[in-house]
Amino acid sequence: MALLSISSLTVEYQRAGRTIRAVDDVSFEIETGTVVGLVGESGSGKSTLALSLMGLLPRNGAVTGGSILFDGAEMTGLDEPEWRTVRGRRMGMVFQGAMNSMNPVRRVIDQVAEPILTHETDMTKADAADRAGELLSLVGIPADRHPAYPYEYSGGMRQRAGIAMALSGRPAVLIADEPVTALDVIVQARILQLLEDLQEALDLTILFITHDLGVVARLCDRVVVLYAARSVEEGTVEDIYDRPKHPYTRALLESVPNFSRGRGKSHGIPGAPPSLMDPPAGCRFHPRCPRAMDICTSVSPARSRFTATQTAACHLYEEEAGGDG
Amino acid sequence: MAERGGGPAAPFVAVRGLNVHFRRSRKAGESVRAVDGVDLDIFTGETLCLVGESGSGKTTLVRAIGHLAPITSGSVRLGDVDAAQLPRKELRSMRRRVQYVFQDPFESFDRRQSIFSIVSQPLRVHKLASSRAELESKVYEALEECGLDPPGEFAKLYPHQLSGGQRQRVSIAAAVVLRPELLIADEPVSMLDVSVRSDILSLFVRLKESHRMTLLFVTHDLSVAWEIADRIAVMYLGKVVEEGTADQVIGRPANPYTHALVTAIPVPDPHAAAPPPGVKGDIGDIVGIPAGCRFHPRCPYALDRCSQTAPPLAEVGEGHRSACIRNEELELAPPHRLVAGTAG
Numbered sequence: 001m002a003l004l005s006i007s008s009l010t011v012e013y014q015r016a017g018r019t020i021r022a023v024d025d026v027s028f029e030i031e032t033g034t035v036v037g038l039v040g041e042s043g044s045g046k047s048t049l050a051l052s053l054m055g056l057l058p059r060n061g062a063v064t065g066g067s068i069l070f071d072g073a074e075m076t077g078l079d080e081p082e083w084r085t086v087r088g089r090r091m092g093m094v095f096q097g098a099m100n101s102m103n104p105v106r107r108v109i110d111q112v113a114e115p116i117l118t119h120e121t122d123m124t125k126a127d128a129a130d131r132a133g134e135l136l137s138l139v140g141i142p143a144d145r146h147p148a149y150p151y152e153y154s155g156g157m158r159q160r161a162g163i164a165m166a167l168s169g170r171p172a173v174l175i176a177d178e179p180v181t182a183l184d185v186i187v188q189a190r191i192l193q194l195l196e197d198l199q200e201a202l203d204l205t206i207l208f209i210t211h212d213l214g215v216v217a218r219l220c221d222r223v224v225v226l227y228a229a230r231s232v233e234e235g236t237v238e239d240i241y242d243r244p245k246h247p248y249t250r251a252l253l254e255s256v257p258n259f260s261r262g263r264g265k266s267h268g269i270p271g272a273p274p275s276l277m278d279p280p281a282g283c284r285f286h287p288r289c290p291r292a293m294d295i296c297t298s299v300s301p302a303r304s305r306f307t308a309t310q311t312a313a314c315h316l317y318e319e320e321a322g323g324d325g
Numbered sequence: 001m002a003e004r005g006g007g008p009a010a011p012f013v014a015v016r017g018l019n020v021h022f023r024r025s026r027k028a029g030e031s032v033r034a035v036d037g038v039d040l041d042i043f044t045g046e047t048l049c050l051v052g053e054s055g056s057g058k059t060t061l062v063r064a065i066g067h068l069a070p071i072t073s074g075s076v077r078l079g080d081v082d083a084a085q086l087p088r089k090e091l092r093s094m095r096r097r098v099q100y101v102f103q104d105p106f107e108s109f110d111r112r113q114s115i116f117s118i119v120s121q122p123l124r125v126h127k128l129a130s131s132r133a134e135l136e137s138k139v140y141e142a143l144e145e146c147g148l149d150p151p152g153e154f155a156k157l158y159p160h161q162l163s164g165g166q167r168q169r170v171s172i173a174a175a176v177v178l179r180p181e182l183l184i185a186d187e188p189v190s191m192l193d194v195s196v197r198s199d200i201l202s203l204f205v206r207l208k209e210s211h212r213m214t215l216l217f218v219t220h221d222l223s224v225a226w227e228i229a230d231r232i233a234v235m236y237l238g239k240v241v242e243e244g245t246a247d248q249v250i251g252r253p254a255n256p257y258t259h260a261l262v263t264a265i266p267v268p269d270p271h272a273a274a275p276p277p278g279v280k281g282d283i284g285d286i287v288g289i290p291a292g293c294r295f296h297p298r299c300p301y302a303l304d305r306c307s308q309t310a311p312p313l314a315e316v317g318e319g320h321r322s323a324c325i326r327n328e329e330l331e332l333a334p335p336h337r338l339v340a341g342t343a344g
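Chains as they are written, first to last, in the numbering used here: chain E, 1 to 325; chain P, 1 to 344.
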């Protein structure tokens, strides 16, 4: 059974008297022990989706439809005290800015121990400090650096400490929102390796949110491609990179420099991702799509299933592969 | 096409023994050697990518090349002038020959200024249009060649009405409208969505060719450098550690630091092997500047003597140089399978 099951999820913001739908009818599942990549550009809704999964939507945002089942329990509609029993415990979080969210005047080990003390009330301070030390060692921070202050850490070490904090509640799922984006490439590679090792050692389930197709290929089992608040394609990494179906997925892959394709062979997608204040009718990709047809300008495409693992929402395939929803 | 490294052409930019040091604190008198003893040639008409991690000194180096940062010692010649020796009056006209495009198209504009006003400002400052009609025609031409077509429509808009990619096209237009000889672009695509990046990269290459400019392009992203560079120079803690053609530096890196950097690039291919670990620590862990080779505390190939002697940039192939005392003996495996080809 899926550990996390998102179906027909819709999230809206109210801004200046208008409703902005930032996540529109998105469905996907995450099986226990797998890493799912959520890929999208600006305005795709990927960060809003992540916030809604953690019950962290800002005041003007709300889940207005669909469901989020986490380990069989419905998450939509939880109030803040109920969220606090889930978030930081069975659901760990790592952010891009984890490096900046630490308290500058407290020792790192104390900051990692704090949530352990909050969550496991029968634990003594000394036990919590031991556990924090274990976690910091697990993420590769040598013991002599545990008592240091965050400013004494490099960006890579702070992100490691952020991962240790995310693991402190023994989470079943880790939600990682652009966790390596701000890091230099050598450090990034090592943090990805760390996440891969932890995933294996702890049988972690990870939802990895990123715009970086290289990072997704490196780490993920499955990929969900978002465009303008909707899921346009889903499949295994091999499905998505070797046989992409949706014209957006194809164009996105062609826009990334690729050593095995040759220099100067990448092509951008004309135009820019649409504003969610005023998304195009029909398929939202149609104004930028090289294969757009008349129907694409007015009718939203249904999802077509190609194999047991791959689906895409595009009018090109509606006849050959039978709709699915 | 530019002469690739070491050709007979005279360099348009010749950097010699350049030092840019900043004083960290007045009391201690210690200084940060942001750029430390750099020699670099940039040939007329080529695209040179300056690559490095944060803290490598790449931005300080290009600012010094454009004389936006004070030079501690050494020289930067542009064509036949050494700007450090120029009287103030002539510095202004030299500044016109060098234009910049910065990373953040969102921050660099006054939101109350129209696109026309933004692109015409450099022409007005340098008094390069004698009439409104001439000003308009120069601005429209720049907008059009930067892909903001129809220019008359775009000229009336304000920055907040444009996408990120369009805003970056505006800042490119505001730079090329002065017809500079050297265009310096500092991380101009790193804030942009993946799907719009490559068209901005090809715009740079196209403009460089149509206006016979020299392009100095700063990036932390080697896959971007590989996409557009004729030559690449790699910086680490204030020094250039390797330079060569894009195919040399990325296909067959000779310096252990470059090798680690290239190896770590996540490639959009799920069948690619995970990069082997090797390099320790990160650039931010380095307190002060290590003696000898600056990379030695992190280098998997370091020997005792690496901590004693600073290695000079030395030839390892035609036009390919690396600063490593083990240049001759190390045989670093090519990190990726490259399909060679030309940029642009």
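Glycine included, every Cβ here is placed at the ideal spot set by N, Cα and C.
Treat the numbers as computed from the prediction; the structure is a model and nothing was measured.
Taking 8 Å as the cut-off, the beta carbon of Val240 (chain P) is found no closer than this to the beta carbon of Thr258 (chain P). Identification of chain E residues near Asp199 (chain P) by a Cβ-Cβ cut-off of 7 Å yields Gly268, ordered along the chain. For His336 (chain P), the chain E residues whose Cβ falls inside 8 Å of its Cβ are Phe259, Ser260, in order along the chain. Closest in C-alpha terms to Lys46 (chain E), from the list E:His286, E:Phe259, E:Thr210, comes E:Thr210. His315 (chain E) sits in a helix when the DSSP states are folded into three classes. For Leu219 (chain E), the enclosing alpha helix (DSSP H) has its first and last residue at 213–219.
Per DSSP, reduced to three states, the secondary structure at Ile295 (chain E) is helical. DSSP, read as helix, strand or coil, puts Ile228 (chain P) in helix. Taking CB atoms only, Leu143 (chain P) has no neighbour in chain E less than 8 Å away. Taking a beta-carbon distance threshold of 8 Å, Val194 (chain P) counts as an interface residue toward chain E.
Between His220 (chain P) and chain E, the shortest Cβ-Cβ separation is below 8 Å.
If you ignore the 5 residues before and after Cys324 (chain P), its C-beta comes within less than 6 Å of the C-beta of Asn255, Pro311, all in its own chain and listed in chain order. Excluding residues up to 5 positions away in sequence, Pro334 lie with their Cβ nearer than 6 Å to the Cβ of Arg252 (chain P) in the same chain.
With fewer than 16 other beta carbons inside 10 angstroms of its own, Gln14 (chain E) counts as exposed.
Annotation for Gln159 (chain E): the continuous alpha helix (DSSP H) segment containing it runs 155–167. Taking the Cα of Leu202 (chain E) as reference, the smallest distance to any Cα among E:Thr34, E:Leu4, E:Thr19 is reached at E:Thr34. Per DSSP, Leu276 (chain E) has no beta bridge partner at all. When the alpha-carbon of Ser117 (chain P) is set against those of P:Met235, P:Gln99, P:Ser93, P:Leu157, the nearest one is in P:Leu157. Residue-level contact by beta carbon fails for Gly244 (chain P) and chain E, as no gap is shorter than 8 Å. Bridge pairing for Pro11 (chain P): P:Phe43 [DSSP]. Spatial neighbours of Arg23 (chain P) in its own chain (CB-CB distance under 6 Å, excluding positions within 5 residues in sequence) are listed in chain order as Ser31.
One thing to note: Pro270 (chain P) has its Cβ no nearer than 8 Å to the Cβ of Asp212 (chain E). Residue contact check for Gly165 (chain P) against chain E: a CB pair falls below 8 Å. Chain E has no Cβ within less than 8 Å of the Cβ of Asp39 (chain P). In summary, the residues of the segment 222–237 of chain P whose CB is separated from some CB of chain E by less than 8 Å are Leu222, Ser223, Val224, Trp226, Glu227, Ile228, in the order they occur in the chain. Judged by DSSP secondary structure, Ile141 (chain E) falls outside any beta strand (DSSP E); it is assigned neither H nor E. In the DSSP assignment, Leu183 (chain E) falls outside any beta strand (DSSP E) and carries neither an H nor an E.
Distance check between Tyr301 (chain P) and each of P:Ile289, P:Pro290, P:Lys280 places P:Lys280 closest, using alpha-carbon atoms only. Within the same chain, Arg96, Leu178 come within 7 Å of His126 (chain P) by CB-CB distance, once the 5 residues on both sides are set aside.
Between Gly156 (chain E) and Arg190 (chain E), the C-beta spacing is below 8 Å. Ser300 (chain E) has its alpha-carbon roughly 23 Å from the corresponding atom of Asp239 (chain E). Distances from the CA of Val94 (chain E) to each of E:Gln159, E:Asp221, E:Gly268 were compared; the closest alpha carbon is that of E:Gln159. Residues of the same chain with a CB within less than 7 Å of the CB of Ala225 (chain P), apart from the 5 flanking positions on each side, are Cys49, Val51, Thr219, Ile232, Ala246 in chain order.
When 9 Å is used as the limit between beta carbons, His211 (chain E) is near these residues of chain P: Asp193, Val194, in chain order. Taking each of E:Cys283, E:Asp177, E:Leu174, E:Arg87 in turn and checking the Cα distance to Leu316 (chain E), the smallest one comes out for E:Cys283. With three or more CB-CB distances shorter than 8 Å, the segment 106–115 of chain E counts as touching the segment 145–152 of chain E.
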